[in-house]
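Data first, discussion second: the structure below is written as C-alpha cells.
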Amino acid sequence: MKGSKLSVKEIEHKDINFIADYWFNSDKEYLLNMGVDVEKLPAREDFVAMLQTQITLPYNEKKVYGVVWYVDDKPIGHSNLNPLVYNDHGYMHLHIWYKEYRNKGYGIDFIKMSAAAYFNNLKLKKLYCQPNAFNPSPNKTLEKAGFRFVKEYITTPGSITFEQVVKLWETNEAII
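Using the numbering used here, you'd call the opening residue of the sequence shown number 542 and step up by one each time.
Written as C-alpha cells, this is what we have:
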C-alpha cells in the first residue's frame, strides 16, 4: 500500500520458523494452486535443519539462498533461489505468507530488491523465475519488474512441486 516502508533482508535464524510455518501451516488447496505436491514436503524438522545449515554457509557454497520481505518492519514473505549456481544463475521463488498482504502492489519492489541482493551477494549472471503459467499474479509482476519472457513449457519446477505448465522469465542486473 502507498506509504508503506518496504525492505528486504537476508534470511536469519529468527526467520526460519516464519518460513516453516508458511509451508507447513498453509491451506493444502493454496499449496496445490501454487503447484506444490504436499507429499513431497520434507518433515518440518528436516526443512528447518536444511535452512539453518544453508544460512551459515559462505555464499559460494550455498545451494539455497533467500531473503525475507518486510512491510513497515513486519516480515510478510520471502523469496529464495533454488536451484542456485554461485557466480552463474539461480531460480527465484516468490512467497507472501499472509493473505492480507497479497495483491497489494508490493511485488515489483520486492522482486527488484530481492534481485539486487541475489546479483550482489551471489555474483549471478542470470536470474530466472518460472511460476505456474495459470497463476497470473507473479507472471504479470515479473513482466512489470523488467523480466523478459522466454517460453512456456512443462516441467517440475522444484523439489516439492508436481509437473506443471510454467512461464520462464529471465533477467540480468539491468533491472536493479
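Using N, Cα and C, we set each Cβ at its ideal position, and we do this for glycine too.
Computed from a predicted model, the values in this text were never measured in an experiment.
### Query
Touch check for the segment 647-658 and the segment 673-683: three-plus C-beta pairs under 8 Å?
yes
### Task
Compute the beta-carbon to beta-carbon distance between Leu625 and Val605, rounded to the nearest angstrom, for a pair I have assumed lies under 8 Å.
6 Å
### Query
For the alpha helix (DSSP H) that contains Leu592, what are its first and last residues?
585-597
### Message
Quick check: what's the CA-CA separation for Phe588 versus Gly607?
### Response
14 Å
### Task
Taking 8 Å as the threshold, find out whether the segment 628-646 comes into contact with the segment 661-675 through three or more Cβ pairs.
yes
### Message
Give me, in chain order, the residues of the same chain whose beta-carbon lies closer than 7 Å to that of Asp613; leave out the 5 immediate sequence neighbours on both sides.
### Response
Ser545, Lys546
### Query
With distances taken from CA atoms, which of Phe565, Ser620, Val549 is nearest Pro583?
Phe565
### Query
For Ser678, does the three-state DSSP call read helix, strand or coil?
helix
### Query
Nearest to Asp556 by alpha carbon, out of Gly618, Tyr571, Asn676?
Gly618
#### Entry: N- and C-terminal bounds of the beta strand (DSSP E) containing Tyr642
Run containing Tyr642: none; DSSP gives neither H nor E here.
### Query
What distance in whole Å lies between the Cβ atoms of Tyr563 and Trp638, which are believed to be in contact at a cut-off of 8 Å?
5 Å
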